[in-house]
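Everything on this sheet refers to the single structure shown next.
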Amino acid sequence: KDSGEVRGIIVGDTIKGSFYYSPYGGGVLKRYPIALLKRKNKLLLGKGVISVYMGIPSFLKGDTIDYSKPEFVFEEVKK
């Protein structure tokens, strides 16, 4: 279980940004690019080609992010 936070920009129905997290068991803070699409009150995690420039990972500019088979689907949890 990795604990962290998402920072990004909301444009329409999409959130693009980074997931900053501390790996399970400790270690240094890491950064992973993230793209979420809101569809029917759920957030779908998109996939795309990631490149690293000057130590900062991001999705390739001009490349399409695929949401057709999301690895994760996030839903609101009501208590």
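Each residue of the sequence shown is one higher than the one before, starting from 1148 at the first, in our numbering.
The beta carbon of each residue, even a glycine, is placed where N, CA and C say it ideally should be.
As the structure is a computational prediction, the values presented were derived from the model and not from experiment.
* Given a cut-off of 8 Å, decide if Ile1212 and Ser1205 are closer than it, judged by their beta-carbon atoms. => no
* On the DSSP bridge assignment, give the partners of Val1153 in chain order. => Phe1166
* To do: Would you mind working out which of Tyr1168, Leu1183, Leu1176 and Tyr1179 sits nearest Ile1156, comparing C-alpha positions?
  => Leu1183
* What are the start and end residues of the beta strand (DSSP E) that includes Pro1204? -> Ile1203 to Phe1206
* Gly1164 vs Val1175 beta-carbon contact at 8 Å -> no
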